[in-house]
Every structure is written in C-alpha cells, then in structure tokens.
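Numbering (the working numbering), first residue to last: 53 to 289.
Written out below as structure tokens is the structure these notes cover.
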Amino acid sequence: MSQTENLLVAPDVLSRVLSRGRATGAEFSEVFVEDKRSTSASLDDGKVEQVSSGRDRGAGIRVIKGDTTGFAHTSDLSEKGLLAAAEAAAAAASQGGGGVNAVALGAVVRHPVNTVQKWPDEVAKRDKVALLQRVNIAARGVHKAIVQVSAGYGDSRKRILIANSDGVLAADEQVRTLMRISVVASGDGGMQTGFQSLGHTIGFEVFDENDVEELAITAAKQAVTKLSARPAPSGSL
C-alpha cells in the first residue's frame, strides 16, 4: 500500500480545494478532515442495557487573508462538498478578487504512536458484549455479599488528515479502548463499592494482554473488604 492510499481525501482533491480557498488572494488555506467510529456497551444487574455504534465525519477549512480568517465546515467529504466549503471560507476571509494559486502537496507524513493488532471497529459486537458478561460472572462469584455489578465497554477509532497551502500533508490514526467495572457489596457494614478500570491507546488486543475477570475480582474484593472496615474514630484532633 502506498503512502497516499487509505487517506480520507485524495491528495489531488486536497490540492484543488486548497487552491480554491486561495482564489480570492488569500495567503494561506488549510483543510482538516476527521472520521471517527465508536462503540459503547453497558451491563447492569446482569443485563446488557445498551449497545450502540456511531460515526462522525466532516471537514473544516480555514482561509487567512491579511488579518482576517474565514472558516467553514462540512460533513460532505466529496470534492464538490469540499470545494463549496473552501469557497465559503474564502468569501468569509475576503470580499475582494484575486488569482488562483496552485498548491503542490508534499509527501504524506505519518507519526504512528502505536501498532494496533485488532482494530476494535472490526471486532463483532457479540465479542464486546461477551467481555461484559464475563465480568459479571467473575465479580458475582467472589462473595455472596455482591449485590450489583455494573460494567461499561467503549472504543473509538479516529482518522485525521491535515493539508495546507504550504505543502504540508499529514495523517494520523488514534485508537482508544477501555473497560470500567463497578461492584457493590451489601452487609452489616452497609453498602460498599469497588472499582477498576482499564484503558489503552491500542486495539482490542488489550483484552488478550489483560484479564477482565481479574479486574472484576479485584473490584469485588475491594467492595467486600470495605464491609468489614471499622469506622474512623470521631472526636476533636
């Protein structure tokens, strides 16, 4: 795969959009494109309450002419949509006329900070729900005093692309995966809670490297241990 493959917008399209942004004589134009996919799931009282997925994508275009900055945004990432946004940003930055300045973009620059082995948006929802069910079973098995287990799963995959009239072309991809666990125990000492969480900037492989059952057991033991804790002594210091 070449460097320019898998970009959110093709370099030749970006070049035309940037040129359109400078068509009224602006000194600088910039395009910021983002595409984010996310999934969340929650479990409470032994039941999976919610599983949802979403996608947000769009572009912002900035044009600078003198001391004036024009900005426009669009959710239409087609060339037509981006050109229209560039025209709007240029109009906001300048009311005068100008020429068209061709923009030659350099090689795409990437700065990968992690190596993802399992992209979370490519993992089936049933596998994510199964994690929550494993957490519930493990936590409840610690002690009969456990009366409630809540767990939440979340992941996101964000792709970013930036290009400007100085020739900069940069791309980035950011992945977040997390799990939170809350356990409630009830006894003579009232109700106590335990909590554990796990979050990393890697993919679904985080759950191969970390045992969710162990996290659940730790949270449950925290709650149970607190039941036997003595109250802090009262009185003046």
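Note that CB positions come from ideal geometry on N, CA and C, so glycine has one too.
A quick note: this is a predicted structure, and the numbers were derived from the prediction, not measured.
- Here VAL161 is exposed: its Cβ has fewer than 16 other Cβ atoms, across all protein chains shown, within 10 Å.
- Contact annotation: ASP173 and ASP207 have beta-carbon atoms nearer than 9 Å.
- According to the DSSP assignment, GLU79 belongs to no alpha helix (DSSP H), since it is labelled neither H nor E.
- For the pair SER67 and SER90, the CB atoms are not nearer than the 9 Å cut-off.
- Check the Cα spacing between ASP96 and each of SER202, LYS132, ARG109, VAL65: the tightest is with SER202.
- Distance from the CA atom of ALA136 to the CA atom of ASP119, rounded to whole angstroms, is 23 Å.
- ALA237 sits close to GLY246, with the two beta carbons spaced by under 9 Å.
- Leaving aside the five residues that flank GLN274 on each side, the residues in its chain whose CB is nearer than 6 Å to its CB run, in chain order, GLY246.
- For GLN244, there is no enclosing alpha helix (DSSP H); the residue is part of the beta strand (DSSP E) that begins and ends at 242–252.
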